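Numbering (my numbering), first residue to last: 67 to 230. We put the CB at the ideal spot given by N, CA and C, even for glycine. Predicted model, so just to flag it, every value in this text is computed and none were measured.
As structure tokens, then:
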């Protein structure tokens with residue numbers, strides 16, 4: 067696992083060197099979501115109750131923000147737009163609930179590497195379907211991160227075979 071982390075770190079370093087900037091947003095997102103997963107793993111509440119508590123803690127700040135900065139109300143939108151807004155909340159909540167349940171059942175190191183699947187699919191769709199370009203430096207970093215994932219998976223397979 068340490069080798070996989072080192073390879074992934076090298077990939078991030080190469081990306082920073084080639085682009086001339088440290089991918090701070092990506093690093094902060096990875097760290098914050100990792101900490102979120104760690105907290106979720108140690109919470110003894112069911113996933114739905116834990117999400118209710120999270121939402122309740124944030125709600126006062128959201129209400130203050132809406133009162134202070136909102137320029138429109140829900141009445142300014144059509145029924146369809148309001149329905150789509152509510153549905154988008156459900157579409158957002160379902161993956162969060164599934165993530166919370168998965169974190170309780172799967173080791174965090176595996177969850178961390180699984181998190182790379184979605185951005186990879188997004189990248190493939192962007193490049194192949196929407197004809198977006200990817201810089202050479204970004205591609206190098208991406209390749210090293212996936213080599214790290216392959217090394218990690220191989221290590222997990224070896225550990226599982228030894229434990230049998």
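Residue i: CB within 7 Å of a non-hydrogen atom of the ligand NAP
i: residue 225; result: Absent from the structure shown: the ligand NAP. Ligands present: none.
Outcome for residue i when other beta-carbon atoms lying within 10 angstroms are tallied against a minimum of 16
i: residue 207; result: buried
i: residue 179; result: buried
i: residue 164; result: exposed
i: residue 215; result: buried
i: residue 78; result: buried
Backbone CA spacing between residue i and residue j [nearest angstrom]
i: residue 129; j: residue 123; result: 11 Å
i: residue 166; j: residue 116; result: 9 Å
i: residue 49; j: residue 211; result: A question about residue 49 goes unanswered here, because the residues of the chain that appear run from 67 up to 230.
i: residue 139; j: residue 156; result: 21 Å
i: residue 160; j: residue 181; result: 16 Å
i: residue 147; j: residue 125; result: 22 Å
i: residue 209; j: residue 106; result: 30 Å
i: residue 223; j: residue 177; result: 15 Å
i: residue 92; j: residue 76; result: 15 Å
i: residue 17; j: residue 186; result: The requested residue 17 does not occur in the structure, where the chain is confined to residues 67 to 230.
i: residue 88; j: residue 94; result: 11 Å
i: residue 144; j: residue 85; result: 44 Å
i: residue 134; j: residue 205; result: 43 Å
Same chain, Cβ closer than 7 Å to residue i, neighbours up to 5 away in sequence not counted
i: residue 221; result: 67 and 70
i: residue 175; result: 67
i: residue 109; result: 116
Same chain, Cβ closer than 8 Å to residue i, five either side skipped, listed in chain order
i: residue 184; result: none
i: residue 193; result: 199 and 200
i: residue 217; result: 69, 70 and 73
i: residue 103; result: 165, 169, 174, 177 and 178
For residue i, the first and last residue of its enclosing alpha helix (DSSP H)
i: residue 226; result: 202 to 229
i: residue 117; result: 113 to 135
i: residue 78; result: 68 to 85
i: residue 171; result: 145 to 171
i: residue 94; result: 90 to 108
i: residue 190; result: 183 to 194
i: residue 174; result: 174 to 180
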